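First comes the structure, then the notes that go with it.
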Amino acid sequence: MPRPGSLIPAAFYLRPVDVVARDLLGRHLCLGPVTLRITEVEAYGGPQDSASHARSGRTPRNAPMWEAGGCAYVYFCYGMHHMLNVVTGPPDRAEAVLIRSCEPVTGLDLVLERRRHVQGPALLTGPGKVAQALGVDLAFTGTRFHEPGGLELRAGSPAAAILAGPRVGVDFASPADRDRPWRFAEAGTPWVSRPRNLR
DNA sequence: CACAGGATCGTT
DNA sequence: ACGATCCTGTGT
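Start counting at 1 in the first sequence, then tack on 15, and there's your number in this note's numbering.
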């Protein structure tokens, strides 16, 4: 059975992080039998962004952020959740896009099993839920989305309109970074975490 | 080596 | 509003 959409080439990721973030909406995330369509993302800048994991420079955990765009950066949070990011830009820019919400496309039976049969948008709205549904864990950090066979990004169907707002859970950042409107979601979709604060 | 805290989630 | 739960970065 062919994959839904063609594999996205490496050049896609070599643009400013907010541009790639918007362009990721509507693309397909694929792993094994599961395909998810991206509906909500957040952009994180390099060392100068006080909300980003890159703010402390290169560490063992965030090393994939310093790779060339197209790399996966996965980290473990709050002792129980995995967070999936798409690294962007040339090497050493350390920018990444957090995948916050998706809608199901294929492999729904497996997604429902992994998500304990939660009903409605609560199934996939939130970064921890997306990673759990896809089956992504730390073993995937450092892998490349444009190389076939593993965690892949494919064409999908683009978002017609996009809403933006401040990022979630970054109250610790400086005011300028806290207020930067770098959360993006497809307009009108129910597959979004915290629909408030978007316009 | 010890410790404080986190780009969250689900329940109370 | 809060507890779960453990990896991570930082400091001693």
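We put the beta carbon where it would ideally sit given N, CA and C, even for glycine. Quantities reported herein were computed from a predicted structural model and do not represent experimental measurements.
Around the Cβ of residue i, are there at least 16 other Cβ atoms within 10 angstroms (buried) or fewer (exposed)?
i	result
G164	exposed
R195	buried
C86	buried
P17	Reliability of the predicted coordinates at P17 is poor, the pLDDT of 48 falling under 50, and the value obtained from them is presented with this limitation in mind. Under this definition P17 is an exposed residue.
P142	buried
E55	buried
Y59	buried
V34	exposed
Y88	buried
G135	exposed
G187	It is Phe, not Gly, that sits at residue 187 in the sequence shown. With fewer than 16 Cβ atoms within 10 Å of its Cβ, F187 is classed as exposed.
R211	exposed
L51	buried
H43	buried
R214	exposed
A2	Absent from the model: residue 2. The displayed extent of the chain is 16 to 214, so no value can be given.
Can you tell me which of the three DSSP states residue i falls into?
i	result
M95	coil
R169	strand
V183	coil
R37	helix
A66	coil
F27	helix
L213	coil
F199	strand
R193	helix
V49	strand
V145	helix
V56	strand
Measuring CA to CA, which of the options is closest to residue i?
i	options	result
I114	L22, G135, A25 and A200	A200
G171	G60, P75, Y90 and E118	E118
Q147	E167, H97, R70 and V89	H97
R209	F187, D192, A191 and A179	A179
G203	A176, E57, R42 and Y90	A176
Y28	R211, G184, E167 and G104	G104
T156	E82, P190 and I53	E82
A191	V101, A26, L127 and A66	A66
W197	F91, V185 and A78	V185
Between residue i and residue j, which are expected to be in contact by the criterion C-beta below 8 Å, what is the C-beta distance as a whole number of angstroms?
i	j	result
A72	G150	Reading the sequence as shown, one finds Gly at residue 72 and not Ala. Between G150 and G72 the Cβ distance is about 31 Å, and since that is not below 8 Å, they are no contact.
H161	L40	With 8 Å as the limit, H161 and L40 do not qualify as a contact, their Cβ atoms being about 18 Å apart.
A109	M80	4 Å
P24	R169	Wrong, their Cβ atoms sit about 11 Å apart, outside the cutoff.
R130	L138	5 Å
V49	T121	7 Å
V112	V183	The pair is not a contact, with the Cβ atoms about 14 Å apart (cut-off 8 Å).
Regarding residue i and the ligand HEM, is the C-beta to nearest heavy atom distance less than 7 Å?
i	result
T121	Looking at this structure, you won't find the ligand HEM or any other ligand, since it has none at all.
Runs of beta strand (DSSP E) wholly within the stretch 70 to 143 (minimum 3 residues, chain order) | 87 to 92, 96 to 103 and 110 to 121
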